[in-house]
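Protein sequences, first through last, are from chains L and X. Taken in order, the first sequence gives residues 177 to 290; the numbers are from our numbering. Taken in order, the second sequence gives residues 158 to 268; the numbers are from our numbering. Report on one structure; see the data block that follows.
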Amino acid sequence: AQSVTQLDSHVSVSEGTPVLLRCNYSSSYSPSLFWYVQHPNKGLQLLLKYTSAATLVKGINGFEAEFKKSETSFHLTKPSAHMSDAAEYFCVVSDPPGANNLFFGTGTRLTVIP
Amino acid sequence: DVKVTQSSRYLVKRTGEKVFLECVQDMDHENMFWYRQDPGLGLRLIYFSYDVKMKEKGDIPEGYSVSREKKERFSLILESASTNQTSMYLCASSIDHSPLHFGNGTRLTVT
């Protein structure tokens, strides 16, 4: 069965320090994986996606994620947090790939402390 | 850039009312979706549509129906609103297997 687990419901970092948001998944096939960001009172915006090409994926706003099949993980990182990164982040698996086969994690709220 | 527009940002309705949530996309996408978002539960798929007049049930269709009379418009209907349908509703569209493009959401309160 397909599922997504975001290991932390809330992460708090200081401005300028690294960000790590953790995501583990289970899948039966070769999944596509996504990270979305949601700012307050907004819809979800795509940060980055993995679709079986390079395992290290670079996204917008300096974020990147590494697909590790052996660990079934797709953690999101950023070297230096900015105040504008404060938002909720969702890890999503598509398995098998297809718009109606999306499984959403429950979200991680990132707080950035000045 | 793709634009998905949800007609209302906030709605307050009474129990038993019929409620229409409207969504329009401007990029000729075949696929359209309705999700609800609740704290601690992430996003859950209510209904989706692959084409005009087509609809498919998602994970939680009970209490909802949808209408897709035109390609760009996908409506979510609550036939008789109940308090447990108080939630944030998100519309999305996509083409083929591409990532979803989301609207800004409609926060519905049923009293």
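We put the beta carbon where it would ideally sit given N, CA and C, even for glycine. Keep in mind the model is a prediction, meaning the values are calculated, not measured.
| Check | Outcome |
| --- | --- |
| Leaving aside the five residues before and after L/L220 along the sequence, list all residues of the same chain whose C-beta is less than 6 Å from its C-beta, in chain order. | Y212, Q214 |
| For X/L247 versus X/Q182, is the C-beta distance shorter than 8 Å? | no |
| Going along chain L in order, which residues have a C-beta closer than 9 Å to the C-beta of X/G197? | S185, T282, G283 |
| If we ignore side chains and look at the alpha-carbon of each, how far apart do X/L160 and X/E179 end up? | What sits at residue 160 of chain X in the sequence shown is Lys, not Leu. Whole-angstrom Cα-Cα distance: 14 Å. |
| Chain X partners of L/G219, CB-CB under 9 Å? | V161, Q163, L247, C248, A249, H258, F259, G260, N261, G262 |
| If we call anything under 8 Å between Cβ atoms a contact, is L/S203 one with L/V269? | yes |
| So which residues of chain L does X/L265 contact, with C-beta pairs closer than 9 Å? | Here the premise fails: no neighbours, minimum Cβ distance about 14 Å. |
| Name, please, each residue of chain L whose Cβ falls closer than 9 Å to the Cβ of X/L233. | Those within 9 Å of X/L233 in chain L number zero; the least Cβ separation is about 15 Å. |
| Tell me whether X/V209 is buried or exposed, calling it buried when 16 or more other Cβ atoms sit within 10 Å of its Cβ. | exposed |
| Counting contacts by CB-CB distance shorter than 8 Å, is X/L168 in contact with chain L? | no |
| Taking all protein chains shown into account, decide if X/V267 is buried (16 or more other Cβ within 10 angstroms of its Cβ) or exposed. | buried |
| L/F243 versus chain X: which residues are under 8 Å apart at the beta carbon? | The contacting residues do not exist; L/F243 stays about 16 Å from chain X at best. |
| Between the alpha carbons of X/N188 and X/K227, how many angstroms are there, rounded? | 12 Å |
| Using three-state DSSP, classify L/T284 as helix, strand or coil. | strand |
| State the DSSP-derived secondary structure class of X/E187, mapped to helix, strand or coil. | coil |
| List the residues of chain X whose Cβ lies closer than 7 Å to the Cβ of L/L222, in chain order. | P256 |
| Would you kindly check if the distance between the Cβ of X/S224 and the Cβ of X/S232 is under 8 Å? | yes |
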